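If you read the sequences in order, they're chains R and B. The first sequence begins at 23 in this note's numbering and counts up one residue at a time. The second sequence begins at 123 in this note's numbering and counts up one residue at a time. By construction, the Cβ of each residue, glycine as well, lies at the ideal position given by its N, Cα and C atoms. On a predicted model such as this, the values are computed, not experimentally measured, just so you know.
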Amino acid sequence: MDSFQKKSLFFFFVQQVGEVGIILGQTFRGIFTRPWEKKNFVHQLEEVGVRSLPVVSLTAAFGGLVFGLQTYIGFHRYIGPGSEAYGGPIISLGLAKELIPILVGLMVSGRVGSSMAAEIGTMRITEQVDALVSLGADPIRYLVVPRALASIVMLPCLTLYGDIIGMFAGYFYNTVLMGVNRYIYIRNTLLYMEFWDVVSGLIKAAVFGAIIAIIGCWQGLKTEAGAAGVGRATTRTVVISSILILIFNFFLSKALPANL
Amino acid sequence: MIQIVDLHKSFGGKKVLQGVNLTINRSETVVIIGQSGSGKSILIKHLIGLIRPDKGQIYVDGEEITCLNEEAFSKVRRKFAMLFQGAALFDSLTVLENVMFGLKKYSDYSSEEIKEKSRQALHRVGLRGIENLMPHELSGGMKKRVGLARAIAYQPEIILYDEPSTGIDPIRADAINDLINQMKKDLEVTSIVITHDIVSTYKVADRIAMLYQGKIIETGTPEEIRDSPNQIVQQFITGAAEGPIENW
Numbered sequence: 023m024d025s026f027q028k029k030s031l032f033f034f035f036v037q038q039v040g041e042v043g044i045i046l047g048q049t050f051r052g053i054f055t056r057p058w059e060k061k062n063f064v065h066q067l068e069e070v071g072v073r074s075l076p077v078v079s080l081t082a083a084f085g086g087l088v089f090g091l092q093t094y095i096g097f098h099r100y101i102g103p104g105s106e107a108y109g110g111p112i113i114s115l116g117l118a119k120e121l122i123p124i125l126v127g128l129m130v131s132g133r134v135g136s137s138m139a140a141e142i143g144t145m146r147i148t149e150q151v152d153a154l155v156s157l158g159a160d161p162i163r164y165l166v167v168p169r170a171l172a173s174i175v176m177l178p179c180l181t182l183y184g185d186i187i188g189m190f191a192g193y194f195y196n197t198v199l200m201g202v203n204r205y206i207y208i209r210n211t212l213l214y215m216e217f218w219d220v221v222s223g224l225i226k227a228a229v230f231g232a233i234i235a236i237i238g239c240w241q242g243l244k245t246e247a248g249a250a251g252v253g254r255a256t257t258r259t260v261v262i263s264s265i266l267i268l269i270f271n272f273f274l275s276k277a278l279p280a281n282l
Numbered sequence: 123m124i125q126i127v128d129l130h131k132s133f134g135g136k137k138v139l140q141g142v143n144l145t146i147n148r149s150e151t152v153v154i155i156g157q158s159g160s161g162k163s164i165l166i167k168h169l170i171g172l173i174r175p176d177k178g179q180i181y182v183d184g185e186e187i188t189c190l191n192e193e194a195f196s197k198v199r200r201k202f203a204m205l206f207q208g209a210a211l212f213d214s215l216t217v218l219e220n221v222m223f224g225l226k227k228y229s230d231y232s233s234e235e236i237k238e239k240s241r242q243a244l245h246r247v248g249l250r251g252i253e254n255l256m257p258h259e260l261s262g263g264m265k266k267r268v269g270l271a272r273a274i275a276y277q278p279e280i281i282l283y284d285e286p287s288t289g290i291d292p293i294r295a296d297a298i299n300d301l302i303n304q305m306k307k308d309l310e311v312t313s314i315v316i317t318h319d320i321v322s323t324y325k326v327a328d329r330i331a332m333l334y335q336g337k338i339i340e341t342g343t344p345e346e347i348r349d350s351p352n353q354i355v356q357q358f359i360t361g362a363a364e365g366p367i368e369n370w
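Here it is, written out as structure tokens:
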């Protein structure tokens with residue numbers, strides 16, 4: 023790669039970051055100023071939240087089961103038989119702080135982020151976005167703000183729901199399938215698990231919600247070149263938002279204190 | 123009155139508009155003709171601020187609109203309505219909700235008044251009993267009519283028609299032409315129609331302007347255009363494959 027190509031790539035990157043920054047700024051300004059598109063917001067709450075419940079239930083249940091399985095093996099192998107009941111807080115903490123927020127983020131990115139990009143992208147190429155402007159509506163307020171707000175609200179709700187399912191699945195694997203002592207498992211979980219562990223996972227989920235909505239809407243609004251363009255926008259949305267979720271997860275894990 | 127002065131627009135180095143000059147008088151219907159891809163849609167999208175020019179000015183009733191910011195432009199936009207090529211109805215809204223959209227944004231009417239005025243707009247374009255249908259349940263011609271009802275519902279002063287007869291059969295296209303003439307007669311609106319359909323052009327135009335290679339090369343009444351000595355205009359209106367027009 024010669025220096026000209028490097029410069030072009032750098033300017034392209036800066037341009038993309040700038041575009042996202044502008045949409046992000048306009049969206050947050052839209053969230054805090056009237057008028058709000060209440061009907062669209064309620065519709066998006068259903069689209070992002072309620073309709074994601076089946077996929078989140080399955081993901082969280084099997085995530086909890088497999089995490090419970092590996093923790094059981096780990097305790098059994100390295101500490102010894104009988105120590106498996108001490109895995110309860112590790113399972114719950116790992117699920118609440120890391121696994122469930124990431125799984126929910128990635129699942130919703132695939133289900134909802136791609137759908138946002140496809141819907142807005144189709145509106146873009148069929149001139150519906152232009153029609154919105156000509157009829158006095160601001161596309162950011164009308165399309166982006168309700169989606170972003172719904173995602174920021176619903177991702178923590180889905181994560182909390184996933185936490186409960188995942189923790190129960192881990193408990194089920196250890197106590198029902200492997201015969202670990204229920205009393206010690208629950209007592210240790212309640213003793214070492216902190217409220218902040220759950221809250222920090224929910225904070226991450228809210229950030230992931232903003233990432234999914236902003237990237238989906240950004241890609242939708244810049245869609246060009248017909249059906250192929252819509253396909254590219256949906257693919258890019260899933261790839262970019264998934265990568266950003268993983269990157270932001272690391273930095274949020276570093277930034278958020280381990281306990282309060 | 124609308125005045126377009128020396129309008130230029132390029133996309134990625136491709137010069138689409140290269141100094142367009144055109145004046146449109148109040149209550150007249152001007153049809154802008156030209157080849158596909160000649161920049162007709164780009165030109166009228168400048169009028170409602172969907173695209174901003176690289177250079178040049180547009181005056182609406184004496185006010186220069188090209189220098190306005192988005193907030194100021196939204197007030198000017200109230201004067202305009204646009205019928206998009208594919209009607210651009212909102213997929214997620216019913217027919218009635220589509221027609222109500224502009225009224226909700228641009229007026230202070232009560233919810234019941236908005237519904238009533240939207241129904242009147244639908245009746246005006248000859249549509250009844252389809253208020254609760256979704257856009258995908260409509261034929262191409264009906265979509266155009268709903269698009270027109272949505273455009274006229276909030277009583278704009280200027281209506282922009284983007285290829286109103288494209289994509290529908292000749293009978294429905296003629297019905298749309300009748301509606302354009304009827305809107306002009308009933309509402310006294312200024313109309314700007316862009317098309318490459320010569321039959322429609324002669325039916326609705328008070329004046330015709332031809333856009334070629336980014337400039338308006340000829341304007342005149344339908345009779346003047348029909349008798350134009352300009353070979354490019356003659357080739358276009360007669361639809362001859364041989365002639366001076368290149369890049370088709």
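- Here the stretch 76-92 of chain R does not lie against the stretch 61-68 of chain R, with fewer than 3 beta-carbon pairs under 8 Å apart.
- Below the 7 Å Cβ cutoff, chain B contributes Gly-208 and Ala-210 as neighbours of R:Thr-148, in chain order.
- Membership of B:Gln-304 in the alpha helix (DSSP H) is indicated by the continuous run 292-309.
- In this structure, DSSP gives R:Gly-90 a helical state, which the three-state scheme calls helix.
- Residues of chain R with a Cβ closer than 9 Å to the Cβ of B:Tyr-228 are, in chain order, Leu-157 and Gly-158.
- The three-state reading of DSSP puts R:Val-77 in helix, counting H, G and I together.
- In this structure, the straight-line span from the alpha carbon of B:Leu-218 to that of B:Asp-284 is close to 22 Å.
- Closest option to B:Ser-149, judged by alpha-carbon separation, among B:Arg-294, B:Leu-309 and B:Ile-354: B:Leu-309.
- The three-state secondary structure of B:Phe-202, taken from DSSP, is strand.
- When B:Gly-365, B:Thr-343 and B:Glu-364 are compared, the shortest CA-CA separation from B:Ile-155 is found for B:Thr-343.
- A residue is called buried once 16 or more other Cβ atoms fall within 10 Å of its Cβ, and B:Val-142 is buried on that count.
- B:Val-152 counts as buried, since at least 16 other C-beta atoms from the protein chains shown sit within 10 angstroms of its C-beta.
- The beta-carbon distance between B:Pro-175 and B:Lys-137, rounded to whole angstroms, is 12 Å. This is too long to meet the 8 Å contact definition.
- R:Asp-152 is classed as buried because its beta carbon has at least 16 other beta carbons within 10 Å across all chains shown.
- Within the model, the alpha-carbon separation for B:Leu-144 versus B:Ile-338 is close to 7 Å.
- Here B:His-168 is buried, its C-beta having at least 16 other C-beta atoms within 10 Å.
- Within 10 angstroms of the beta-carbon of B:Leu-165 lie 16 or more other beta-carbons, which makes it buried.
- Residues Leu-121, Leu-125 and Gly-188 of the same chain have their beta carbon placed closer than 6 Å to that of R:Gly-85, with the five preceding and five following residues left out of the count.
- When DSSP states are grouped into helix, strand and coil, R:Phe-97 belongs to the helix group.
- In summary, no residue of the stretch 231-252 of chain R has a CB separated from any CB of chain B by less than 7 Å.
- DSSP places B:Val-247 in the coil class of the three-state scheme, outside both helix and strand.
- When Cβ-Cβ separations below 9 Å define contact, B:Met-123 makes no contact with chain R.
- For B:Met-332, there is no enclosing alpha helix (DSSP H); the enclosing beta strand (DSSP E) covers residues 329-334.
- By the rule that beta-carbons nearer than 9 Å mark a contact, R:Met-176 does not touch chain B.
- For R:Thr-257, the number of other beta carbons within 10 angstroms of its own is below 16, and it is reported as exposed.
- Against chain B, a Cβ distance below 9 Å from R:Ala-139 picks out nothing, because the smallest value is about 15 Å.
- R:Val-72 and R:Val-175 have their C-alpha atoms roughly 12 Å apart.
- Around the beta-carbon of R:Tyr-94, 16 or more other beta-carbon atoms lie within 10 Å, marking it buried.
- Per DSSP, B:His-318 is not a residue of any alpha helix (DSSP H), being assigned neither H nor E.
- Counting C-beta atoms within 10 angstroms of its own C-beta, R:Gln-150 has 16 or more neighbours from the protein chains shown and is therefore classed as buried.
- With a threshold of 16 other beta carbon atoms within 10 Å, R:Ala-250 falls short and is exposed.
- DSSP lists B:Ile-330 as the beta-bridge partner residues of B:Gly-342.
- In this chain, the alpha helix (DSSP H) harbouring R:Asn-62 covers 60-70.
- Contact annotation: B:Ile-281 and B:Gly-262 have beta-carbon atoms that are not nearer than 9 Å.
- The stretch 294-305 of chain B makes contact with the stretch 265-273 of chain B: 3 or more CB pairs, one atom from each, lie closer than 8 Å.
- Per the Cβ contact rule, the stretch 161-178 of chain R is not in contact with the stretch 207-216 of chain R (fewer than 3 Cβ pairs under 8 Å).
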